[in-house]
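Under the working numbering, the first residue of the sequence shown is numbered 13, with each subsequent residue one higher. The structure appears right after this line, and notes come after that.
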Amino acid sequence: MINGATYYYVVTAVDGNGESTPSSQVSAIPSVAPTPAAPTEVTATPGNGRVTISWTAVSGATSYNIYWSNTLGVTTANGTKIAGAASPYIQMGLINGATYYYVITAVDGNGESTPSSPVSAIPSVAPFIQATVLSVTGGTNPFDWLQQVSVCIDGTCNTAITDATVTINGNILAYNAAKGRYQANVIIAAGAGINLRVTLGVNTYTSSTSQFAAFQSTAVPGLTKTWLHTNANTISWTTGVATAGATYIVGIMDNSGNIVYPSPAGLVRNGVLEVPINSTAFTIPANSVTAGVFKYLQEYLRRASQ
């Protein structure tokens, strides 16, 4: 038969007495079985000597092919093929600073789809990214920020990157040169999603990629308590629901409303006192802060780090 041509049919029954009258007529047009749809929502996320390619699964697809090139206009004809890939796929051993272009196809028993829309990425030495998002449990916010993001050359954060564009849930964080961090003061409910985006030149790092993980809470413990500086004091609490890697923050405020931190704790990082999430108590040593009466302001720290 010829694909695309129309064929018409009637059926008769036969026995020893002869042939019946024909059935009602039906028709059909033979055609090549359709191939799967092209993958969508394709992204290419750069890293240090690598690119992570992700896409949305195609219904019925049994495998996927990646075609890549260092030349703009990559196709299935001119690209280098990576067969049988699964999302997300990490291409290793790439040259930092070079541009890599990609298209993806889906494959099933009927063949290969048309290619996806092209994407590109430029591998580079990835920055160190650490984000602090506070949920205030009561009263007024004692900080001049609720969101704080450090973008640094490496994990020591001795050298800040000052020309990044940083947003959390679409809110732009302004760079605070005095503190060397990006900050904003937008309330985000406890347990709400955190969409952190850090853009450096043509590269964007997000909390939905493998560049860093976002940790969130679904419950925020709260506590306010006062004590005299000459006394040791223990703060205790019931842990909230959180993922691994998160911490609590304990702010200590004096009568003038200034936040202070006890230096003997050895847990101060990026200007806040961090207490591991699996802790249920923390002791402030006697005379560890200057004279006065102080109170705790316990909040929940949600972090996203590389």
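Ideal Cβ positions, reconstructed from N, Cα and C, are used throughout, including at glycine. Model, not experiment: these values are computed from the prediction.
Counted within 10 angstroms of its Cβ, other Cβ atoms place residue i as buried (16 or more) or exposed
i: Ala9; result: Outside the shown range of the chain, which is 13 to 318, sits residue 9, and nothing can be said about it.
i: Pro135; result: buried
i: Asn77; result: buried
i: Pro100; result: exposed
i: Ser162; result: buried
i: Ala133; result: buried
i: Pro127; result: buried
i: Gln115; result: Note that residue 115 is Val in the sequence shown, not Gln. Its Cβ being crowded by 16 or more others within 10 Å, Val115 is buried.
i: Tyr19; result: exposed
i: Asn90; result: exposed
i: Pro139; result: buried
i: Val137; result: exposed
Same chain, Cβ closer than 6 Å to residue i, neighbours up to 5 away in sequence not counted
i: Tyr21; result: Val38
i: Thr92; result: Trp80
i: Asn197; result: Trp157 and Leu158
i: Met13; result: Pro42
i: Ile165; result: Thr171
i: Gly16; result: none
i: Ile94; result: Ile78
i: Asn183; result: Ala196 and Val198
i: Thr88; result: Tyr79 and Pro127
i: Ser222; result: Low confidence applies to Ser222: its pLDDT is 41, below 50, so where it sits in the model is not reliable enough to give any reading.
i: Ala98; result: none
Close-in-space but distant-in-sequence residues of the same chain around residue i (CB under 7 Å, 5 per side omitted)
i: Gly28; result: none
i: Ile45; result: The sequence given here has Ala at residue 45, not Ile. These residues qualify, in order along the chain: Asn122.
i: Val214; result: Ile134
i: Ser129; result: Val54
i: Leu84; result: Tyr113
i: Val86; result: Tyr79, Trp80, Tyr113, Tyr114, Val115 and Pro130
i: Gly30; result: none
Sub-8 Å separation of residue i and residue j beta-carbons
i: Thr177; j: Thr218; result: no
i: Thr179; j: Val131; result: no
i: Gly96; j: Ser75; result: yes
i: Asp120; j: Ala69; result: no
i: Gln195; j: Leu185; result: yes
i: Tyr187; j: Thr174; result: yes
i: Thr242; j: Asn299; result: yes
i: Ser6; j: Ala25; result: Outside the shown range of the chain (13 to 318) lies residue 6, about which nothing can therefore be said.
Close-in-space but distant-in-sequence residues of the same chain around residue i (CB under 8 Å, 5 per side omitted)
i: Ser125; result: Thr47, Pro48, Ala49, Ala50, Pro51, Val70, Ala73, Thr117, Ala118 and Val119
i: Ala110; result: Asn82, Ile134 and Pro135
i: Tyr112; result: Ala56, Val63, Trp80, Ser81, Asn82, Gln103, Leu106, Ser132, Ala133, Ile134 and Pro135
i: Pro34; result: Val22, Val23 and Thr24
i: Asn282; result: For Asn282, the predicted structure reports a pLDDT of 48, less than 50, and the residue's modelled location is therefore unreliable. The matter cannot be settled from this model.
i: Ala40; result: Thr18, Tyr19 and Tyr21
Opposing strand residues paired with residue i [DSSP bridges]
i: Cys164; result: Phe140 and Ala172
i: Leu158; result: Leu158 is not bridged to any residue.
i: Thr177; result: Thr211
i: Thr134; result: The residue asked about is misnamed: residue 134 is Ile in this sequence, not Thr. None; Ile134 has no bridge partner.
i: Gly30; result: Asp27
i: Thr218; result: Arg209
i: Glu124; result: Val119
i: Lys93; result: Tyr79
i: Ser39; result: Tyr20
i: Thr246; result: Thr295
Counting pairs of Cβ atoms below 8 Å between the stretch 50-62 and the stretch 102-109, do you hit three or more? yes
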